[in-house]
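Report on one structure; see the data block that follows.
There are 2 protein chains.
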Amino acid sequence: MNSTCVQEVISPCCLVRRSINTVVQLLKRVLAHKNMDMATVNALPYEDFVNLLGNVVEKCPIITAAVWSGRPFLNFAALEAAISEFIDALPESGKEGVLRCHPDLAGRDLRGGTLTRESREEQTGAGMDALTSAEASRVTRLNEEYKERFGFPFIICARLSDKATVLRQLSERRRNERAVERARAVEEVKKICRLRLQALVRDDAQNKL
Amino acid sequence: MNSTCVQEVISPCCLVRRSINTVVQLLKRVLAHKNMDMATVNALPYEDFVNLLGNVVEKCPIITAAVWSGRPFLNFAALEAAISEFIDALPESGKEGVLRCHPDLAGRDLRGGTLTRESREEQTGAGMDALTSAEASRVTRLNEEYKERFGFPFIICARLSDKATVLRQLSERRRNERAVERARAVEEVKKICRLRLQALVRDDAQNKL
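Residue numbers (the working numbering), protein chains in the order written: chain F, 345 to 553; chain S, 345 to 553.
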């Protein structure tokens with residue numbers, strides 16, 4: 345890329361056509377509910393890469409945008425590992441920053457309709473929109489206690505949990521030591537990331553299982 | 345915070361009232377066009393801190409969310425330094441990730457109305473919405489050349505620039521070495537951050553000037 349001649353002249357019309365073509369191709373894939381293969385992912389300009397994969401870690405497009413530097417990725421596992429390693433290399437404050445970008449489970453954003461699409465699907469899938477009044481009060485209270493204790497929200501991979509599991513984990517994990525719980529929460533972020541990524545990018549290893 | 349008893353019972357009604365009160369207080373400040381003082385900033389729960397200051401680095405709420413761990417901040421300069429140091433400590437890919445979260449100058453997002461509020465104000469302030477047809481074509485072409493060469497968008501603190509400066513810098517900086525230009529772009533991000541922060545938090549040093 346560095347060797348590209350900066351004097352090269354690209355017509356604006358050509359650029360617009362190219363952009364439209366790219367978007368049309370991407371839309372076709374999404375509409376066809378087909379996951380992208382790794383060759384397609386590796387060929388994406390950073391803008392499309394971030395637009396399509398920017399929320400695999402909730403509200404942290406910087407992570408996706410950063411790992412683009414490491415392309416091409418050999419396969420799904422390599423892309424997932426790059427994201428995971430980027431998170432692991434962050435200082436502890438940075439890991440807490442990732443956690444703080446997540447919404448509460450069954451919180452204001454779910455009730456107010458301001459969750460990201462991914463979070464909404466995950467939370468409703470785990471029944472967080474169908475709590476009884478008593479359950480909702482309990483979750484609110486436990487969420488507040490958890491945040492007061494740790495300074496970040498309770499995070500669990502909702503797609504791998506049902507309502508009972510979420511409530512039990514929330515109650516149990518709030519008693520953890522801070523460092524233990526931070527590490528546990530980061531692991532949950534990675535589980536969420538893997539599932540979001542699998543919804544967008546073909547995971548050949550998964551297909552072989 | 346770690347010493348908080350996890351068995352403490354907080355009534356949900358009390359929590360809701362507390363949340364509403366916090367939001368009302370914050371709204372009053374914003375509506376009154378008063379910058380927050382540092383005592384107010386230091387007292388913010390992480391959710392309000394991220395909601396209010398989360399876009400001082402474009403689309404990188406993780407950075408604001410991370411520096412919350414370092415509160416209380418002595419003054420504006422200390423908060424600004426914490427953000428700056430977090431960016432500096434990122435790996436090169438992470439710094440490029442920050443850059444890639446920025447929109448093009450006078451690009452699709454400006455034309456399509458999909459810029460963040462802060463970016464829109466900055467770009468229109470520098471006349472990016474009032475380019476002649478020839479200027480617009482030139483900026484589009486130079487932006488594409490720049491992105492093709494560096495793998496991130498051209499970033500300049502638009503509030504400190506006019507149209508002529510933007511066009512000249514875009515033309516000149518695309519010839520830089522990659523590492524030089526990345527460092528330069530990060531410096532521009534920090535200038536933008538300072539001005540966005542000054543719009544939200546009282547900078548006593550600035551008032552003394």
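By construction, the Cβ of each residue, glycine as well, lies at the ideal position given by its N, Cα and C atoms.
Taking C-alpha positions only, S:R485 is separated from F:E489 by approximately 53 Å.
Its chain contains F430 as the residues whose beta carbon lies nearer than 8 Å to that of F:A410, once the 5 sequence neighbours on both sides are disregarded; these appear in chain order. About 14 Å separates the beta carbon of S:T408 from that of S:F420, a gap too long to meet the 8 Å contact definition. At a cut-off of 9 Å between C-beta atoms, F:T468 does not count as an interface residue with respect to chain S. Note that the C-beta distance between S:N487 and S:L504 is not below 9 Å. Per DSSP, the unbroken alpha helix (DSSP H) holding S:F420 starts and ends at F420 to A433. S:M380 is bridged by DSSP to S:V545.
Neighbours of F:E479 in chain S, taken as residues at a C-beta separation under 7 Å, are lacking, since the least C-beta distance is about 12 Å. Within chain S, not a single residue places a beta-carbon under 7 Å from that of F:K534; the smallest gap is close to 15 Å. When only Cα atoms are considered, S:L443 and F:G471 end up about 38 Å apart.
Contact check for F:L544 and F:L418: beta-carbon distance about 17 Å, past the 8 Å limit, so the pair fails to qualify. Burial state of F:S477 is exposed, judged by a 10 Å Cβ sphere holding fewer than 16 other Cβ atoms. S:E402 is positioned such that its CB atom lies closer than 9 Å to that of S:S463. For S:G414, the nearest CB of chain F lies under 9 Å from its own CB, placing it at the interface with that chain. For S:F393, the secondary structure class from DSSP, reduced to helix, strand or coil, is helix.
In this structure, the alpha-carbon of S:N520 lies about 9 Å from that of S:R526.
Against chain F, the beta carbon of S:I407 has neighbours under 9 Å at I406, G438 and G441, listed in chain order. When CB distances to chain S are screened at a threshold of 7 Å, the residues of the segment 505-524 of chain F falling below it are R518, R519 and R522, in chain order. For F:C445, the C-beta contacts it makes with chain S under 8 Å involve V394, P405, I406 and A409, in order along the chain.
In this structure, F:A502 keeps its C-beta atom at 9 Å or more from the C-beta atom of F:E531. According to the DSSP assignment, F:R485 belongs to the alpha helix (DSSP H) that extends over S477 to F494.
Taking F:S428 as the centre and dropping the five residues before and after it, the same chain places the C-beta of K534 closer than 6 Å to its C-beta, in chain order.
Taking the Cα positions, F:T468 is about 14 Å away from F:T509. When rounded, the separation of the alpha-carbon atoms in F:A474 and F:F496 is 24 Å. DSSP, reduced to helix, strand and coil, places S:P405 within a helical segment of the structure shown. Listed along the chain, the chain S residues whose CB falls inside 8 Å of the CB of F:G495 are M345, Y390, W412 and S413. What F:A433 touches in chain S, judged by beta-carbon distance under 7 Å, is P435, going in chain order. Around S:D453, the same chain offers P447, L459 and S463 as residues with beta carbons nearer than 8 Å, after the five sequence neighbours per side are excluded. Only residues of its own chain outside the window of five on either side were considered, and among them N386 have a CB closer than 6 Å to the CB of S:R415, listed in chain order. Taking each of S:R522, S:A523 and S:I500 in turn and checking the Cα distance to S:R512, the smallest one comes out for S:I500. Inter-residue distance for F:G398 and S:A549 is about 37 Å (C-alpha atoms, whole angstroms). At a cut-off of 9 Å, the C-beta of S:F498 has no neighbouring C-beta in chain F.
When the Cα atoms are used, S:D506 and F:R461 turn out to be separated by approximately 38 Å.
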